[in-house]
Amino acid sequence: MAHFVWDHFWKRKVFAMYEVFGCGIDVEELARFDKLIDNDDYSLMEDICTRREIDNICGDKRVRFALSFSCKEAFFKALGMSWTNSDVFWKDIELLFHDNDFNHYKVDLYNYAKDILVKNNAAIGETFLDFNEEFVLFQVVLVKMSEVK
Amino acid sequence: MPVITQEIRDAVKEIVYNFFSEECEVDRESINSETKIIEELEGDSLMFLELLEIFKKKYKLDFGVQSIGQYMVKHPAETVAKVIDLTLLVIEHGDKITELD
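From first to last, the protein sequence lines are chains B and R.
Its first residue numbered 26, the first sequence is counted upward by one per residue in this note's numbering.
Its first residue numbered 7, the second sequence is counted upward by one per residue in this note's numbering.
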């Protein structure tokens, strides 16, 4: 569906259409994260999470780490890549929560992950997360803007 | 970084086989060097990261997983044998694994 949107680069209003650039969904079993944060040893998570993500962890650490991991996996899928076949690194995808509230969060992309979106005139369209006693889920839809002439 | 001895080779093999057997809930005897990690054992990223963490602690290694990821762009480790080979290279070279061809 086409909309009038503000083109920040050319500073003009354009009639543009959004299309799905990529989508990714990931589900993780919470029990798998028990041993990863055993005795407050976050060494594996330190390998894949940014310092801000580690410092941001509070409340249920298991859920927070699992959601961070799931978010990164979902973005890898949406970008059509993995950490073993691209220059996108785990730490290039960052999930930060506002305080202890799982409903308020932001995802930032860095380096190659960000470059891919910029080069393709794409952006993060929608994200969704959820969890229960057993699983966490993260979903992302990346959108691409195309001007309608 | 430790020099790779036969003892280390045997230990790595033992750990890798036992790890996949336990994590993937399959008989150890059903795993062989050509078993495919994703297709046959349904392994995933988290599993592989856990395995690297085991070796990081066992051999007191200091490496970043992104180095391993970069190496795997050119050298994917699809089978158990390739995971063992990769692990031995990680133990031997750490982050410098990216400097190998």
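Don't be surprised by glycine CBs; every beta carbon is placed ideally from N, CA and C.
May I have the straight-line CA-CA distance separating Leu-57 of chain R from His-28 of chain B, to the nearest angstrom?
-> Position 51 of the second sequence, counting from 1, holds the residue named residue 57 of chain R. Position 3 of the first sequence, counting from 1, holds the residue named residue 28 of chain B. Taking the straight line from one Cα to the other gives about 48 Å.
With a floor of 3 residues, list each beta strand (DSSP E) that falls wholly inside the region 35-86 of chain R, ordered by position along the chain.
-> none
Nearest neighbour of Glu-78 of chain B, chosen from B:Asn-64, B:Cys-96, B:Val-52 [CA to CA] | Counting from 1 along the first sequence, the entry for residue 78 of chain B is found at position 53. Checked all of B:Asn-64, B:Cys-96, B:Val-52; the closest Cα to Glu-78 of chain B is B:Cys-96.
8 Å contact criterion, which Leu-162 of chain B and Val-52 of chain B should meet: CB distance rounded = What you label residue 162 of chain B is simply residue 137 of the first sequence in a count that begins at 1. What you label residue 52 of chain B is simply residue 27 of the first sequence in a count that begins at 1. Leu-162 of chain B to Val-52 of chain B, Cβ: 5 Å. Contact.
Taking just the CA atoms, how far does Ile-149 of chain B sit from Ile-14 of chain R?
-> On the second sequence, residue 14 of chain R is found 8 positions in, with the first residue counted as 1. On the first sequence, residue 149 of chain B is found 124 positions in, with the first residue counted as 1. Roughly 46 Å between the two C-alpha positions.
Could you tell me the distance, in whole angstroms, from the CA atom of Glu-98 of chain B to the CA atom of Lys-63 of chain R?
-> Here residue 98 of chain B is taken as the residue at index 73 of the first sequence, counted from 1. Here residue 63 of chain R is taken as the residue at index 57 of the second sequence, counted from 1. Answer to the nearest angstrom: the Cα atoms are 24 Å apart.
Does the region 78-91 of chain R come within contact of the region 35-49 of chain R, defined as at least 3 CB pairs closer than 8 Å?
-> yes
Tyr-65 of chain R beta carbon less than 9 Å from that of Leu-106 of chain R = Position 100 of the second sequence, counted from the start, is the residue given in the question as residue 106 of chain R. Position 59 of the second sequence, counted from the start, is the residue given in the question as residue 65 of chain R. For Leu-106 of chain R and Tyr-65 of chain R, no; Cβs fall outside 9 Å.
Pairwise C-alpha distance: Phe-127 of chain B and Ile-74 of chain R = Sequence index remark: in the second sequence, residue 74 of chain R carries index 68 (1-based). Sequence index remark: in the first sequence, residue 127 of chain B carries index 102 (1-based). Cα to Cα, the separation comes out at about 32 Å.
What residues in its chain sit with their C-beta under 6 Å from that of Gly-49 of chain R, if we drop five residues either side in the sequence?
-> Taking the second sequence and counting its residues from 1, the one referred to as residue 49 of chain R is at position 43. Once the five neighbours on either side are set aside, the close Cβ partners of Gly-49 of chain R are Ile-43.
Could you work out which residues of chain R lie near Arg-57 of chain B, taking near to mean beta carbons separated by less than 7 Å?
-> By 1-based counting over the first sequence, the position of residue 57 of chain B is 32. Result: Leu-52.
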